[in-house]
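Peer 1: First residue of the sequence shown? That's 119 in the numbering used here, and the numbers climb one at a time after it.
Dumping the structure here so I can ask a few things about it.
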Amino acid sequence: MMKQIEEVARLILSSKRLVVFGGAGLSTESGIPDFRSPGGVWDKYDPEDFYYQNFIASEASRKKYWEMATEMYGPIKKAQPNPAHLAIAELEKLGRLDCVITQNIDGLHHKAGNSEERIIELHGTATYVACLNCKKRYDRDEVQERLRKEMKVPYCDDCGGPLKPATISFGQSMPERETEEAYHRSSICDLFIVIGSSLVVQPAASMPLVAKRNGAKLVIINRDPTPYDDLADMVIHAQAGLTMANILKCVKQGL
Ligand SMILES: [Zn+2]
């Protein structure tokens with residue numbers, strides 16, 4: 119394992135454009151449950167109830183959605199960046215990171231100190247709320263406080279439109295700008311490191327392929343095997359936190 123970690127550090131040191139791609143496994147060590155895993159929130163709620171079209175169509179759906187969203191927000195609000203997030207933030211400080219593309223909605227890369235323009239959130243973020251009509255943004259905590267006082271669907275103060283966390287829901291299209299940017303960065307990087315993603319959700323899962331096809335080296339750090347392990351230049355089956363902390367240590371020693 120140590121040899122693999124040193125090899126990844128060497129790849130980082132010789133890279134000119136590093137893209138990190140993060141999935142749920144990057145945040146589990148911060149106490150964020152993988153919402154897709156067994157025992158996750160979808161065992162308790164029916165995903166059908168949370169389709170975007172239903173949210174738009176009915177007040178009853180919006181109410182159910184906000185109940186679930188409130189439950190999911192608890193661990194997100196409490197969560198702190200773990201050593202993997204901190205290592206990625208440190209790589210940026212060292213001038214070694216082009217960007218981090220994330221499937222997570224927890225805002226932990228922001229909390230860890232990565233700068234806004236280097237974070238691409240493919241599935242949006244739970245850290246703020248937006249009006250679906252006029253796009254006005256609201257602080258998530260402020261909206262949760264409204265809900266705590268009165269469990270009622272929140273609407274926009276300005277235009278009366280429905281408010282929804284700025285995450286991408288089932289049935290909602292991927293954010294155009296972020297998706298395009300993510301593909302672009304993937305296609306021009308020379309090193310693509312996947313951390314904590316099983317690489318099965320599209321379109322995110324095709325990004326390592328785009329990178330690889332354009333000549334980048336591919337590293338996969340994930341607890342479980344992924345469909346792209348055979349394609350990767352280096353695969354480490356381990357938890358993200360300790361692995362990234364060790365890689366960072368080697369990178370710093372090599373500087
Ligand atoms: Zn509005």
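Just so you know, even glycine gets a beta-carbon here, dropped at the ideal spot from N, CA and C.
DSSP beta-bridge partners for residue 139?
Peer 2: Residue 139 pairs with 219 and 312.
Peer 1: Residues in the same chain with beta-carbon distance under 8 Å from residue 288, minus the five sequence neighbours each way, listed in chain order, please.
Peer 2: Around residue 288: 165, 168, 169 and 170.
Peer 1: Under three-state DSSP, which class holds residue 352?
Peer 2: Correct three-state label for residue 352: strand.
Peer 1: Could you give the DSSP three-state label for residue 279: helix, strand or coil?
Peer 2: Of the three classes helix, strand and coil, the one that applies to residue 279 here is coil, per DSSP.
Peer 1: Taking 8 Å as the cut-off, decide whether the C-beta atoms of residue 336 and residue 348 are in contact.
Peer 2: Contact flag unset, no.
Peer 1: So residue 247 is in the beta strand (DSSP E); what residue range does that whole segment cover?
Peer 2: Residues 242-249.
Peer 1: Counting beta carbon pairs with one atom in the region 176-191 and one in the region 210-219, are three or more of them shorter than 8 Å?
Peer 2: Short answer: they don't touch.
Peer 1: Based on DSSP bridge pairs, tell me the residues matched to residue 273.
Peer 2: Beta-bridge pairing links residue 273 to 280.
Peer 1: Can at least three beta-carbon pairs, one atom from the region 265-275 and one from the region 305-316, be found at a separation below 8 Å?
Peer 2: They do not touch, by the three-pair rule.
Peer 1: Please classify residue 318: does DSSP put it in a helix, a strand, or coil?
Peer 2: The answer is coil: DSSP assigns residue 318 none of H, G, I, E or B.
Peer 1: With distances taken between CB atoms, is the gap from residue 193 to residue 149 smaller than 8 Å?
Peer 2: Yes, the Cβ-Cβ distance between residue 193 and residue 149 is below 8 Å.
Peer 1: Going by DSSP, what residues sit across from residue 335 in a beta bridge?
Peer 2: Partner(s): 309.
Peer 1: To the nearest angstrom, how far is the alpha carbon of residue 373 from that of residue 131?
Peer 2: One C-alpha to the other measures close to 8 Å.
Peer 1: Tell me which residues pass a beta-carbon proximity test against ligand 2: closer than 5 Å to any heavy atom, given in chain order.
Peer 2: Ligand 2 is not part of this structure, which contains only ligand 1.
Peer 1: Reducing DSSP to helix, strand and coil, say where residue 301 ends up.
Peer 2: Helix.
Peer 1: Leaving aside the five residues before and after residue 255 along the sequence, list all residues of the same chain whose C-beta is less than 6 Å from its C-beta, in chain order.
Peer 2: Within the same chain, residue 255 has close Cβ partners 246 and 248.
Peer 1: Figure out for me which residue from 342, 135 and 321 has the closest Cα to the Cα of residue 236.
Peer 2: For the residues 342, 135 and 321, the minimum Cα distance to residue 236 belongs to 135.
Peer 1: Can the beta-carbon of residue 138 be found less than 8 Å from the beta-carbon of residue 313?
Peer 2: Contact flag set, yes.
Peer 1: Leaving out five residues before and five after residue 208 in sequence, what residues of the same chain have Cβ atoms less than 6 Å from its Cβ?
Peer 2: 366, listed in sequence order.
Peer 1: Run the CB neighbour count on residue 224, radius 10 Å, all protein chains shown included, and call it buried at 16 or more, exposed below.
Peer 2: So residue 224 counts as buried.
Peer 1: How would you label residue 282, buried or exposed, when you count the other beta carbons within 10 angstroms and need 16 or more for buried?
Peer 2: Buried, since its Cβ has 16 or more Cβ neighbours within 10 Å.
Peer 1: Looking only at its own chain, which residues have a Cβ that is under 7 Å from the Cβ of residue 122, when we skip the five neighbours before and after it?
Peer 2: Closer than 7 Å at the Cβ level, and outside the excluded window around residue 122, lie 352 and 354.
Peer 1: Quick check: what's the CA-CA separation for residue 266 versus residue 125?
Peer 2: In a straight line, the C-alpha of residue 266 is about 50 Å away from that of residue 125.
Peer 1: In the DSSP output, what is residue 257 paired with across the bridge?
Peer 2: Answer is 246.
Peer 1: So the candidates are 279, 210 and 152; which of them puts its Cα closest to the Cα of residue 369?
Peer 2: Of the listed residues, the one whose Cα sits closest to residue 369 is 210.
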